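The letter at position 32 of the sequence shown is residue 31 when you use numbering that gives the first Met the number 0, and the numbering goes up by one with no holes. For reference, the structure is listed below as structure tokens.
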Amino acid sequence: MTSPPASLMTPLAARVARVEKETHDTFTLSVEPADGQPLAGFAAGQFSMLYVYGVGELPISISGDPDEPGRLVYTVRSVGLATHALVSRRPGDVVGVRGPFGRPWPLETARGKDVLIVAGGIGLAPLRPAIYDILRHRDDYVRLIVLYGARSPKDLLFRKQLAAWGRLPDTQVLVTVDYGGTSWRGHVGVVTTLFRHLRMHPAQTVALICGPEIMMRFVVRQLESRGVPDSEIFLSMERNMKCAVGSCGHCQLGPYFVCKDGPVFSYEQMRPWMEKHEL
Ligand SMILES: Cc1cc2nc3c(=O)[nH]c(=O)nc-3n(C[C@H](O)[C@H](O)[C@H](O)COP(=O)(O)OP(=O)(O)OC[C@H]3O[C@@H](n4cnc5c(N)ncnc54)[C@H](O)[C@@H]3O)c2cc1C
Numbered sequence: 000m001t002s003p004p005a006s007l008m009t010p011l012a013a014r015v016a017r018v019e020k021e022t023h024d025t026f027t028l029s030v031e032p033a034d035g036q037p038l039a040g041f042a043a044g045q046f047s048m049l050y051v052y053g054v055g056e057l058p059i060s061i062s063g064d065p066d067e068p069g070r071l072v073y074t075v076r077s078v079g080l081a082t083h084a085l086v087s088r089r090p091g092d093v094v095g096v097r098g099p100f101g102r103p104w105p106l107e108t109a110r111g112k113d114v115l116i117v118a119g120g121i122g123l124a125p126l127r128p129a130i131y132d133i134l135r136h137r138d139d140y141v142r143l144i145v146l147y148g149a150r151s152p153k154d155l156l157f158r159k160q161l162a163a164w165g166r167l168p169d170t171q172v173l174v175t176v177d178y179g180g181t182s183w184r185g186h187v188g189v190v191t192t193l194f195r196h197l198r199m200h201p202a203q204t205v206a207l208i209c210g211p212e213i214m215m216r217f218v219v220r221q222l223e224s225r226g227v228p229d230s231e232i233f234l235s236m237e238r239n240m241k242c243a244v245g246s247c248g249h250c251q252l253g254p255y256f257v258c259k260d261g262p263v264f265s266y267e268q269m270r271p272w273m274e275k276h277e278l
């Protein structure tokens, strides 16, 4: 096996420009070049390898607008050592950035069709660039539907944006939580319960899904039962990864490396591997 080019393995220095608190455990960081070398642009659905010096490197999806050059935006949920270190960065701190890596959402396949976006929890972050892209090229698509589920109201990401998107023409945004508490007036239940509120045109729908794997399995079942073809269903898969360029094998999933063949796959590709447990 040949070694990957050094340019793909060497992090660029990036300065944290802004840190915004989204929820009790999730923060959005914007980073800008630290040493004059521009950060590469990206396509919706791609991820970077972010290096917190002295702590570690981890894959994080880009959650900002692909058409906003000069800065990269990430939304990170603090679940362990590296993510905690990342969300604890302050403006002015420097982190390392490699990438962007991976296959993006296939927005060209969705042109002329309805786009159904289904997200669970932090899964809305990798889908937000696709929503920005669709809204910027709105005439290329028919309806935009966003279904979003989180554990509780305090875990909902991008609440103001969701509300604003829901007011746009030909756009439907439905949000649900598993546990509502006393003050929540919206839907309660897992994200698949929102399907009963939808009028779908399965033959002209492309679905983009990101969330916990169990959620994605149930969403796929709903879509299949409504007649959306497997080739029109796309999922973003998550596996532990190290090199991000298909060299180390950490993220192997069946015949694929999630870092370079994904993270976005069609369900047609994923079906045999998602049906196998523990893969
Ligand atoms: C392609 C790709 C894109 C990603 N994009 C994002 C993103 O945009 N935002 C983001 O916050 N994360 C994202 N992740 C997940 C992120 O990389 C992991 O959460 C991170 O590597 C965990 O590192 P850690 O050192 O903080 O946690 P660790 O110390 O490795 O883990 C601490 C504990 O948290 C658990 N854990 C690890 N990951 C998760 C998780 N995702 N959810 C729940 N529990 C977990 C572990 O099982 C362990 O119990 C992405 C992962 C991949 C593969």
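Yeah, the Cβ is synthetic: ideal placement off N, Cα and C, and Gly gets one too. Being a predicted model, the structure only gives us computed values, none of them experimental.
DSSP three-state assignment for residue i, whether helix, strand or coil
| i | result |
| --- | --- |
| residue 105 | coil |
| residue 5 | helix |
| residue 71 | strand |
| residue 230 | helix |
| residue 251 | strand |
| residue 267 | helix |
| residue 345 | Past the edges of the chain, shown from 0 to 278, lies residue 345, and the structure says nothing about it. |
| residue 85 | helix |
| residue 240 | coil |
| residue 11 | strand |
| residue 80 | helix |
| residue 38 | coil |
| residue 53 | coil |
| residue 28 | strand |
| residue 163 | helix |
Which listed residue (the options) has its alpha carbon closest to that of residue i
| i | options | result |
| --- | --- | --- |
| residue 208 | 199, 191, 195, 250 | 191 |
| residue 103 | 236, 240, 195 | 236 |
| residue 65 | 113, 117, 134, 82 | 134 |
| residue 137 | 168, 123, 159, 223 | 168 |
| residue 185 | 115, 158, 91 | 158 |
| residue 38 | 68, 24, 4, 6 | 68 |
| residue 29 | 262, 8, 94 | 94 |
| residue 32 | 13, 231, 41, 228 | 13 |
| residue 265 | 252, 222, 230 | 230 |
| residue 128 | 61, 111, 77 | 61 |
| residue 123 | 241, 155, 194 | 155 |
| residue 3 | 246, 250, 195, 35 | 246 |
| residue 72 | 120, 174, 183, 40 | 40 |
Any non-hydrogen atom of ligand 1 within 7 Å of residue i CB
| i | result |
| --- | --- |
| residue 143 | no |
| residue 233 | no |
| residue 262 | yes |
| residue 237 | yes |
| residue 327 | Past the boundaries of the shown model lies residue 327; the chain is included only from 0 to 278, so the question cannot be answered. |
| residue 170 | no |
| residue 55 | yes |
| residue 240 | yes |
| residue 97 | no |
| residue 73 | yes |
| residue 78 | yes |
| residue 181 | no |
| residue 82 | yes |
| residue 157 | no |
| residue 46 | yes |
heavy atom of ligand 2 below 7 Å from residue i C-beta
| i | result |
| --- | --- |
| residue 62 | Here the bound small molecules are ligand 1; ligand 2 is not part of this structure. |
**Study point:** Cβ contact check for the segment 81-93 and the segment 12-21: 3 or more pairs under 8 Å
**Key:** Three or more beta-carbon pairs separated by less than 8 Å link the segment 81-93 to the segment 12-21, which places the two stretches in contact.
Exercise for review: Ignoring anything shorter than 3 residues or poking outside the segment 176-237, list the beta strand (DSSP E) runs there in chain order.
Suggested key: The segment 176-237 contains these whole beta strand (DSSP E) runs: 204-209, 232-235.
Check your understanding: Quick check: the segment 38-51 against the segment 177-195, are there 3 or more CB pairs under 8 Å?
Key -> The segment 38-51, when compared against the segment 177-195, does not touch it at the 8 Å Cβ threshold.
Exercise for review: Would you mind listing the alpha helix (DSSP H) stretches within the segment 89-159 that are 4+ residues and don't spill past its ends, in chain order?
Suggested key: Under the rule that a run must span 4 or more residues, the alpha helix (DSSP H) segments found entirely inside the segment 89-159 read 106-109, 123-135.
Review point. Are the segment 195-209 and the segment 114-122 in contact at 8 Å, needing three or more beta carbon pairs?
Key: Judged by Cβ distances under 8 Å, the segment 195-209 makes contact with the segment 114-122, as three or more pairs qualify.
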